[in-house]
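First the structure, in the form of structure tokens, and then the observations on it.
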Amino acid sequence: MKFKRALVLLLFIIGCARQGAITSFERKPLPSFDLPTVDEVRLDNGLTCFLLEDHSLPIVNVQVITRAGSIFEDPHQAGLAELTGRLMRTGGTGSFTATAFDQEIDTYGFQLSHDVGREASVAHLKALSSELEKALSLMMEMLFAPRFDVQRLAIARDKLLEDLRRENDEPARVADRTFTMLVYGEQSPWASRPTPQSLKSLRAADLRQFHSRYFVPQNMILAVAGDFQRDDVQRLLIQMLRGVQNDPVQFTSLAPVRHAFAAEEQLIRRPLTQSYIRMGHLGIKRDNPDKFAITVMNHILGASDFKSRLMEDIRTKRGLAYGISSNFSAGLDYGLFEVQVATKAASTALVVKLIRDHLEAMARGEGVAEEEVAFARRTILSRQIFLFDQPFEIVSRRALYRFMGYPDDYWLISQRKIQEVDVADVKRVAQQYLHPAALKLVIVGPNNNGNH
Amino acid sequence: MIRHFIFPFFIIFITAFFPPELLSFDLKSQVKSFALSNGMRWLIVERSQAPVFSGVVMVRVGSAEEEKGKTGLAHMFEHMALKGSSHLGTRNFKKEEPLLHQLNELGRELTELSRQKADAAVQQERQARMKEVQKQIAAFQVPNEVWDVMLRNGGDDLNAFTSKDVTAFHASMPAERFELWAYVFAELISDPVLRDFYTERDVVAEELRLSVENDPDGKLAETLLNTAYADGPYQWSTIGLKEDVISLNHADALAFHRRHYVAVNMVGVLVGDVHAAHARPILERYFGRIPKGAPSPDPVPSVGRGGEERTIALDAEPAWVAAFHIPTFPDGEVYSIEAVISLLCDGASSRLEKKLIVEKRVAREVSCSSGFPGSRLPHLAYIWVEPLQGKSGTAIKRIVLDELKMLQRQKIPAIELESVKKREQAHFVYAMEHNKGLATTLGSFEAIFGEWELVADYVDKISAVTAEDIKRVAEKYFVPENMVLVERVKGNGE
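Chain order of the listed sequences is C and H.
Following our numbering, the numbering of the first sequence begins with 1 at its first residue and continues without gaps.
Following our numbering, the numbering of the second sequence begins with 1001 at its first residue and continues without gaps.
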């Protein structure tokens, strides 16, 4: 008896020693971090600027967000925003032919890109600080004085057509776009996709019109971080933007997304050895106060690397996938809730069933307990520092908050809100916002066995 | 476009060409290097702009160390390393271990039976017994505890990768959690316990499907390797052949670890808010116990095949790739070769982008890289072209060869050479921005070539390249006799 007790005690101590090692490393709480102060300046022309000096490396990063994207297109001109955005970058400017512009960029090793999304276009510049003035002038030319060279338009159009064609070679992308269209409806501005017809109908005049309508300083937010002097950059911007056209923007009104949920399937047959599966429905709007609880709920369900329910079951326990994740987005209009996975063809039906089971269980609040919720909160919050580990991330996040209409200290607010999410909240939002009986299901794969 | 194949070559260098006030970014002086008592090397770059650091551990072993019939083992092992140790991932290793042994032996038997296409009933019996043991063992395991511990302490980008040359493990963490990072990573590297081996093998099979079987570019890359090499360590892709991967067993993985995961084969790099004086004793405490071992010798490189052409047909849009056999460090030619690649592909005004996309309008995209599939051994530099619809591989080949001939016949103008150098200098500075990127690059050069200083010297070296050098390497390497060409056309069949 005594011996056994001693043994139990010994084992307990050995067990504890292991835990003890880790616990001792965790004893010091992670400190809260203070962000450096970001300067905000609003130029007379309405351009909002966020500036953060950091002289540790001789680099400057500049980003400009414009409220201009594909949701503002006329449906028969699908691709107009994308093509305009691309040609601003490749079609030359007031001062430079397209070829000369390319040469300037390459000679100095600048990185200048322009990406167009649904709601916004984002221009990004990276340059050595010794060449800041030249780099900035090229960026401003791109934004405000694009040439829309006709030959480069033809090249850009051909490229975009080829991009669309090649998207079909990537089953994951086929699955993504099919899912988006299934949830929103093909006509929705949130699901529209250029077609060869819509692209071929676009002329340089259309691009010019789109550009002059949306790409004006008062419709933009600029963020700059790195090795510069605040006064210099301000002076340069004022100088470079002198005389730039700046009419207030008339935004297209958007067809609202119909808030409806109904089960539907689309199966696309491809001769692959895996099925690419997407399951889900509409998400929420950006201004929904439940979004913090939903973030925690979704983290538990499918967003935590390796520790989410979906990942632990479908990858770790059963070896059925290389990756599985869920995403619950909050948009300008309703976002998307989407589970994504690829699995060998023979496991398709099983994986679809398992996902359904997990969604049903989560919607019922099954197994949602303090440990799981606390782990999710802790993970989300303890890695927040990485959203701000570079000066450029700090300043571009400020710009993003402003673009979305959030307060400047949104990150602090969201920290607090996440910390407040409890088991009851997670159960409530799971029950209210998950619709396991009304899932849209897309499978791109070799056979039609799916969801039975 | 320059496509970076795991380890970008031409980044990171500095000094002479920067104005004086920037000489404080002399990378050499920023790197603190030392070895532990067991020979494991460490590099530390202290920078405390944010209270975080990136920690990378690189082992000088990769897919090149594999043997035919067991390809994909290095990558398989990398997957296993994150399953924990005898301390992490278990509630009671004493109870778990015998069950794990049982489970793994059953898995090995089942693998063998499956390979021999044994009777279904026999296989099912093994599967049933495995399920039984899995049920028992679950009581003693903490699945993904490594993730648990790292994630709840702010771990970001916890990941690992395998290449032909190295296996790397990484995580970024808040500065306060440095000791935790050291503890966890030392556990994974020194004492991996192969939990869920046979389940994880299924995961790797899914990854293989994702990245090769159902990815036309993955297939093209694999074909390129098979064509460029008749044999030898660079012939197969890192992920391995499917028939090999699904036959790997846990004993293979254990033997692999024992042979290669020794201190002299390892390099650790820390970049960020860490201090060498504070870190060193901690590193010694956790990593110092790894056995010293003997360095793994390099496999014998095969003679590459030149003048080879091949076509594959897939149900996908066409692609075209031309690859050239090139030497590697410490051969001084590498810098001139990098300059040629930059001239050909780096930027919209580069020779090939300009010709193929703007002037002749035959391509959607052009990308080039060296370091394919690895850089430890003589390897390949490739030019990868995606044709526009209706444009033939023949036309592309003619244009590319013409451009190469131009480089061989005419020295490039000084202004173009200057442009290459300026660009490379800029790229170097950009590469210093992110802790993880800098750590990975320093680690790669030290692990692969034993000389992280190559990174710091790169700018000087590339700045010394002359127009004559470029002409010379163009004549020597970028010629049809040294070229392997693979075209992917649209059609049926594998």
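Think of the CB as a built atom: it goes at the ideal place given N, C-alpha and C, for glycine as much as any other residue.
Computed from a predicted structure; not experimentally measured.
Apart from the five residues on each side of it in sequence, which residues of its chain come closer than 7 Å, Cβ to Cβ, to Phe1093/H? Stepping through the second sequence from its first residue, residue 1093/H is reached at position 93. Counting only Cβ-Cβ distances below 7 Å, and skipping sequence neighbours, we find Ser1086.
Do you know offhand how far Gln1123/H's Cα is from Gln266/C's? Locating residue 1123/H in the second sequence gives position 123, where the first residue counts as 1. Locating residue 266/C in the first sequence gives position 266, where the first residue counts as 1. Those two C-alpha atoms are separated by around 36 Å.
First through last residue of the beta strand (DSSP E) which encompasses Arg42/C: In the first sequence, the residue the question calls residue 42/C occupies position 42. Arg42/C -> beta strand (DSSP E) spans Asp39 to Arg42.
Identified DSSP bridge partners for Asn327/C: For the purposes of this step, residue 327/C is taken as residue 327 along the first sequence, with counting starting at 1. Per DSSP, Glu338/C.
Cβ atoms of Val373/C and Val444/C: under 8 Å apart, would you say? The residue given as residue 444/C occupies position 444 in the first sequence. The residue given as residue 373/C occupies position 373 in the first sequence. No, Cβ-Cβ distance for Val444/C and Val373/C is not below 8 Å.
How is Pro446/C classed by DSSP in three states: helix, strand or coil? Start at 1 with the first residue of the first sequence, and residue 446/C comes out as number 446. Looking at Pro446/C - three-state DSSP - the assignment turns out to be coil, as it is neither helix nor strand.
Helix, strand or coil at Gln103/C [DSSP, three-state]: On the first sequence, position 103 is the one that residue 103/C refers to. Three-state result, Gln103/C: helix.
By the three-class DSSP mapping on this structure, what secondary structure does Gln155/C have? Position 155 of the first sequence, counted from the start, is the residue given in the question as residue 155/C. One point to set straight first is that residue 155/C is Ile, not Gln, in the sequence displayed. Here Ile155/C sits in helix by DSSP.
Could you run through the region 1030-1061 of chain H and flag, in chain order, every residue whose CB is less than 9 Å away from some CB of chain C? Arg1047, Gln1049, Ala1050, Pro1051 and Val1052
Relative to the alpha-carbon of Arg1177/H, which residue among Arg1152/H, Glu1451/H and Gln1425/H has its alpha-carbon at the smallest distance? Position 177 of the second sequence, counted from the first residue, corresponds to residue 1177/H. Residue Arg1152/H is the option with its Cα nearest to Arg1177/H.
Tyr1458/H, DSSP secondary structure in three states: As a working mapping, residue 1458/H is identified with position 458 in the second sequence. Here Tyr1458/H sits in helix by DSSP.
Do Ala1363/H and Pro1387/H count as a contact pair if the criterion is CB distance below 8 Å? On the second sequence, position 387 is the one that residue 1387/H refers to. On the second sequence, position 363 is the one that residue 1363/H refers to. Result yes, Cβ atoms of Pro1387/H and Ala1363/H sit closer than 8 Å.
When we look at the beta-carbon of Ser1037/H and count the other beta-carbons within 10 Å, is it buried (16 or more) or exposed? As a working note, residue 1037/H is residue 37 in the second sequence. Looking at its Cβ environment, which holds fewer than 16 other Cβ atoms inside 10 Å, Ser1037/H is exposed.
Assigned secondary structure, Glu1132/H (DSSP; H/G/I helix, E/B strand, else coil): The sequence position of residue 1132/H within the second sequence is 132, counting from 1. Note: Glu1132/H maps to helix in three-state DSSP.
Using DSSP's beta-bridge definition, name the partner residues of His1379/H. As a position in the second sequence, residue 1379/H is number 379, starting the count at 1. In DSSP, His1379/H forms a bridge with Ile1326/H.
Inside the region 341-376 of chain C only - alpha helix (DSSP H) runs reaching at least 4 residues: 348-363
Would you mind stating whether Thr295/C and Ile355/C have Cβ atoms separated by less than 8 Å? By one-based count along the first sequence, residue 295/C stands at place 295. By one-based count along the first sequence, residue 355/C stands at place 355. Their beta carbons are not under 8 Å apart, which means Thr295/C does not touch Ile355/C by this criterion.
Closer than 8 Å, CB to CB, is His1101/H near chain C or not? Within the second sequence, the letter at position 101 stands for residue 1101/H. For His1101/H, the answer is no, since every Cβ of chain C falls outside 8 Å of its Cβ.
So the candidates are Glu82/C, Ile22/C, Val257/C and Met297/C; which of them puts its Cα closest to the Cα of His211/C? Walking along the first sequence from the start, residue 211/C turns up at place 211. Closest by alpha carbon: Glu82/C.
By the criterion of Cβ-Cβ separation under 8 Å, what are the contact partners of Pro271/C in chain H? The sequence position of residue 271/C within the first sequence is 271, counting from 1. The answer, in chain order, is Asp1315.
If you drop the 5 nearest sequence neighbours on each side, which residues of the same chain put their C-beta closer than 8 Å to that of Thr178/C? Working through the first sequence from its first residue, we reach residue 178/C at position 178. If we look at Thr178/C and ignore the five residues flanking it on each side, its Cβ neighbours are Gln266, Ile268, Arg278, Val442 and Val444.
For a cutoff of 8 Å on Cβ pairs, would you count Leu1158/H as touching chain C? As a position in the second sequence, residue 1158/H is number 158, starting the count at 1. Cβ-Cβ to chain C under 8 Å: yes for Leu1158/H.
Backbone secondary structure at Glu264/C - three-state DSSP: As a first step, residue 264/C must be located in the first sequence, where it is residue number 264. Strand at Glu264/C.
Residue range of the beta strand (DSSP E) that Asn1159/H falls in? As a position in the second sequence, residue 1159/H is number 159, starting the count at 1. Segment Asp1156 to Thr1162, the beta strand (DSSP E) holding Asn1159/H.
In whole angstroms, what separates the C-alpha of Glu1475/H from that of Val1340/H? Here residue 1475/H is taken as the residue at index 475 of the second sequence, counted from 1. Here residue 1340/H is taken as the residue at index 340 of the second sequence, counted from 1. The alpha-carbon atoms of Glu1475/H and Val1340/H are separated by roughly 11 Å.
Cβ-based burial, Leu1023/H [other Cβ within 10 Å; buried from 16]: Along the second sequence, read from residue 1 onward, the residue named residue 1023/H stands at position 23. Note that Leu1023/H has pLDDT 34, beneath the 50 cutoff, so the model's placement of it is unreliable and the number below is only indicative. It counts as exposed.
What residues from chain C crowd round Lys1355/H, counting only those whose CB sits closer than 9 Å? To locate residue 1355/H, count along the second sequence from 1; it is residue 355. Chain C residues near Lys1355/H: none, gap ~12 Å exceeds 9 Å.
For a contact meaning CB atoms closer than 7 Å, what does Glu162/C contact in chain H? To locate residue 162/C, count along the first sequence from 1; it is residue 162. Neighbours of Glu162/C on chain H, chain order: Arg1364, Leu1388 and Gln1389.
Please decide whether Asp1196/H counts as near chain C, where near means a Cβ-Cβ distance under 8 Å. Against the second sequence, residue 1196/H aligns to sequence position 196. Interface residue, yes.
is_contact[Thr1199/H, chain C] using C-beta, thresh 8 Å: Within the second sequence, the letter at position 199 stands for residue 1199/H. At least one chain C Cβ lies under 8 Å of Thr1199/H.
Would you mind telling me which residues of chain C sit closer than 7 Å to Asn1144/H, beta carbon to beta carbon, in chain order? The residue you call residue 1144/H lines up with position 144 of the second sequence. Result: Phe306, Lys307, Glu312 and Thr316.
How would you list, in chain order, the residues of chain H whose beta-carbon sits under 7 Å from the beta-carbon of Arg200/C? The residue labelled residue 200/C in the question sits at position 200 within the first sequence. It is Lys, not Arg, that sits at residue 200/C in the sequence shown. Under the 7 Å cutoff, chain H gives no residues; its nearest Cβ is about 13 Å from Lys200/C.
Can you tell me which residues form a DSSP beta bridge with Gln111/C? Reading the first sequence from its first residue, position 111 is the one you call residue 111/C. Its beta-bridge partners are Lys126/C.
Simplified DSSP assignment, three categories, for Ala1186/H: Your numbering for residue 1186/H matches position 186 in the second sequence. Helix, per DSSP.
To be precise: take each residue of the region 54-74 of chain C, compare its Cβ to all Cβ atoms of chain H, and keep it if any distance is under 8 Å. Which residues remain? Asp54, Ser56, Leu57, Pro58 and Ile59
When the cut-off is 8 Å and only beta carbons count, does Ile1012/H lie next to chain C? As a position in the second sequence, residue 1012/H is number 12, starting the count at 1. Interpretation of Ile1012/H is limited by its pLDDT of 27, a score under 50 that renders its predicted location unreliable; the figure taken from the coordinates is listed afterwards. Not one chain C Cβ lies under 8 Å of Ile1012/H.
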